[in-house]
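Peer 1: Below you will find the structure I want to go over with you.
In structure tokens:
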């Protein structure tokens, strides 16, 4: 366990000193600006029409609910992509993973350590920035225009805070595992994008049906279980030999 | 006790056989040189020893254990691989702290200072490794290898790409480790380096061990070649006598000189007396000393040719 902790600590330190985190933070801010533009337009439209604040709040609620879940998912995955690229791909390119495999940690420990190193900052940043964005938009636009402070319902709140990280962890476990054994980075990216779009599409469809429903939480945990099963299947193919042979050089 | 034992180890990658029935043993406390040209199978052997590759057949024992079944034995092994595996964004101290934590090294801060001082990098301990020269990186990789005070060190081309001064520094460090009783398995292209620091060697070529033994004994075997300067051509009777000698492996002319290659522990005076009896005009006799380079070229060059 202490070895896994060492991997997580080292990877976090290494990643924080790379440009990856700062580029991903910039991209996250851009995403928030685009999203807040849509929300502001809608809030201003409702204010101009003189819609009472209770009705305006009800009209904005589905958008806030969806935003909480989708933003949290998109931002967590965005940070995950950048950090993962640094923590795993770079280590394979520089063949430092081969050295790590010669230590007593073991491949499963490395897999778990690397995944946690990608997941922990991504989930924290993803959820934190989502809620900072929601508070910020309420404070800057919604409350001054409509006189109401609109936060997500309990189900999407739980989905954003717990459900999204529950999906993100096995997703990153799967992607890290694929990265460990595939040498062609294009294939890794294809797998990563295919998984993100499939999960993202499933999520957006269930949000369209009813953004405040508890079934959303169920859908997220269902996806998480499926991804965990896929990761368990992938574990059968994970050997030090495959990792070494798929590394550069 | 043997630190490493490989018994008829074979390993194929894809359709290629990389190792074929490789067998050798490294005794505890030995500095063992592993020689071979590029693509001979040196790195694959190291990967098998370190448990990165499972052999297709044969047995591998490291410090008395099967490393694939008992990975905990890795705690007793230090290594420097072909790619140093250091993290450019971290300082030397942070790189060592990372591995120290993985190996569970006690009093890690003091130990880091100790090994950095041993490799002459204490004054650069807080610089990022990305700023290091190749020589400094190799020294740091060696510091990482000894951080947890392992019994066995596996070094894959530790002086590759270094200038002569850098090579000398690394050699000194390896010799110092050997003096402190560590077993060193050194894979190298550098024959001079191996000759200077290794007590035993194995030569691998095209995945097969071609020669294995103590350096001095191998050179001793080479000394069983006699170089004889003749005053006149060798009489036919003497030639016929040479043909019938069971302990004479080979005889040939090299320029004006006659070269005799003797088998086993045979006393050379026996063959010289015979030649004199058969009328050979021997003017000068000297034992021919083979360097490791000549032994190596004799194996690898002969096969390549």
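Chains as they are written, first to last, in my numbering: chain E, 340 to 588; chain Y, 83 to 387.
From the three backbone atoms N, C-alpha and C, an ideal C-beta is built for every residue, glycine too.
Extract the residue ranges of the alpha helix (DSSP H) inside the stretch 342-376 of chain Y, only unbroken runs of 4 or more that lie entirely within it.
Peer 2: Qualifying alpha helix (DSSP H) stretches, in chain order: 350-359.
Peer 1: Using the Cα positions of residue 353 (chain E) and residue 415 (chain E), report the straight-line distance between them to the nearest angstrom.
Peer 2: Rounded to whole angstroms, residue 353 (chain E) to residue 415 (chain E) spans 19 Å at the Cα level.
Peer 1: Hey, out of Y:111, Y:159, Y:148, whose CA is closest to residue 263 (chain Y)'s CA?
Peer 2: Out of Y:111, Y:159, Y:148, Y:111 has the C-alpha closest to the C-alpha of residue 263 (chain Y).
Peer 1: Which value, in whole angstroms, describes the spacing of the CA atoms of residue 435 (chain E) and residue 219 (chain Y)?
Peer 2: Whole-angstrom Cα-Cα distance: 13 Å.
Peer 1: Helix, strand or coil, according to DSSP, for residue 386 (chain Y) in the structure here?
Peer 2: Confidence at residue 386 (chain Y) is low in this model, with a pLDDT of 48, below 50, so its placement is unreliable and the value that follows should be read with caution. In this structure, residue 386 (chain Y) counts as helix in the three-state DSSP scheme.
Peer 1: For chain E, is any of its Cβ atoms less than 8 Å away from the one on residue 267 (chain Y)?
Peer 2: No, its Cβ sits nowhere closer than 8 Å to a Cβ of chain E.
Peer 1: In this structure, does DSSP put residue 114 (chain Y) in helix, strand or coil?
Peer 2: Strand.
Peer 1: Is it right to say residue 340 (chain E) is buried, meaning 16 or more other beta carbons lie within 10 angstroms of its own, or is it exposed?
Peer 2: Exposed: under 16 other Cβ atoms inside 10 Å.
Peer 1: With distances taken Cα to Cα, identify the nearest neighbour of residue 375 (chain Y) among Y:198, Y:160, Y:319, Y:118.
Peer 2: If we check each option's Cα against that of residue 375 (chain Y), Y:118 comes out closest.
Peer 1: Can you tell me which of the three DSSP states residue 84 (chain Y) falls into?
Peer 2: Residue state, collapsed to three classes: strand.
Peer 1: Between the beta-carbon of residue 281 (chain Y) and the beta-carbon of residue 113 (chain Y), is there less than 8 Å?
Peer 2: Yes, Cβ-Cβ distance for residue 281 (chain Y) and residue 113 (chain Y) is below 8 Å.
Peer 1: Would you identify the three-state DSSP class for residue 357 (chain E), choosing helix, strand or coil?
Peer 2: If DSSP states are grouped into helix, strand and coil, residue 357 (chain E) belongs with coil.
Peer 1: The alpha helix (DSSP H) spanning residue 449 (chain E) covers which residue range?
Peer 2: From DSSP, the alpha helix (DSSP H) with residue 449 (chain E) extends over 446-476.
Peer 1: Count the CB pairs spanning the stretch 181-188 of chain Y and the stretch 218-234 of chain Y that are closer than 8 Å, and state whether there are at least three.
Peer 2: Verdict: yes, contact present.
Peer 1: For the structure I just gave you, are there three or more beta carbon pairs, one from the stretch 344-364 of chain E and one from the stretch 173-183 of chain Y, closer than 8 Å?
Peer 2: A contact exists between the stretch 344-364 of chain E and the stretch 173-183 of chain Y.
Peer 1: Would you please verify whether the beta carbon of residue 465 (chain E) is less than 8 Å from any beta carbon of chain Y?
Peer 2: No, no contact with chain Y.
Peer 1: Would you please state the rounded distance, in angstroms, between the beta carbons of residue 331 (chain Y) and residue 345 (chain Y)? I believe it to be under 8 Å.
Peer 2: 5 Å between Cβ atoms; contact.
Peer 1: Should residue 129 (chain Y) be flagged as near chain E, meaning a C-beta pair shorter than 8 Å?
Peer 2: True, the Cβ-Cβ gap to chain E drops below 8 Å.
Peer 1: If the criterion is Cβ atoms closer than 8 Å, does the pair residue 257 (chain Y) and residue 381 (chain Y) meet it?
Peer 2: No; because the gap between Cβ atoms is not below 8 Å, this pair is not in contact.
Peer 1: From the DSSP output, in three-state form, read off residue 292 (chain Y) for me.
Peer 2: DSSP places residue 292 (chain Y) in strand when its eight states are reduced to three.
Peer 1: Which chain E residues sit within Cβ distance under 7 Å of residue 191 (chain Y)?
Peer 2: Within chain E, no residue comes near residue 191 (chain Y); the closest Cβ sits about 15 Å away, beyond 7 Å.
Peer 1: Please classify residue 548 (chain E) as buried or exposed, where buried requires at least 16 other C-beta atoms within 10 Å of its C-beta.
Peer 2: Result: exposed.
Peer 1: Does residue 153 (chain Y) come within less than 8 Å of chain A when only Cβ atoms are used?
Peer 2: Judged by its chain identifiers, the structure shown contains no chain A, and its protein chains are E and Y.
Peer 1: Which residues, in chain order, does the stretch 208-219 of chain Y contribute to contact with chain E at a C-beta distance below 7 Å?
Peer 2: Within the stretch 208-219 of chain Y, no residue qualifies.
Peer 1: When DSSP builds the beta bridges, which residues end up paired with residue 267 (chain Y)?
Peer 2: Y:114, Y:236.
Peer 1: Which full runs of the alpha helix (DSSP H) of 4+ residues lie inside the stretch 206-265 of chain Y, going along the chain?
Peer 2: Counting whole runs of 4 or more residues, the stretch 206-265 of chain Y contains the alpha helix (DSSP H) stretches 216-228, 246-261.
Peer 1: Is residue 442 (chain E) helix, strand or coil when you go by DSSP?
Peer 2: If DSSP states are grouped into helix, strand and coil, residue 442 (chain E) belongs with coil.
Peer 1: Report all residues from its chain with a CB closer than 7 Å to the CB of residue 521 (chain E); omit the five preceding and five following residues, and keep chain order.
Peer 2: Excluding sequence neighbours, residue 521 (chain E) sits near 527, 585.
Peer 1: What's the gap between the Cα of residue 271 (chain Y) and the Cα of residue 107 (chain Y)?
Peer 2: For residue 271 (chain Y) and residue 107 (chain Y), the distance between alpha carbons rounds to 20 Å.
Peer 1: For residue 540 (chain E), name the three-state secondary structure that DSSP assigns.
Peer 2: The answer is helix: DSSP assigns residue 540 (chain E) an H, G or I state.
Peer 1: Three or more C-beta pairs under 8 Å: does that hold for the stretch 483-495 of chain E against the stretch 526-543 of chain E?
Peer 2: Not touching, per the Cβ criterion.
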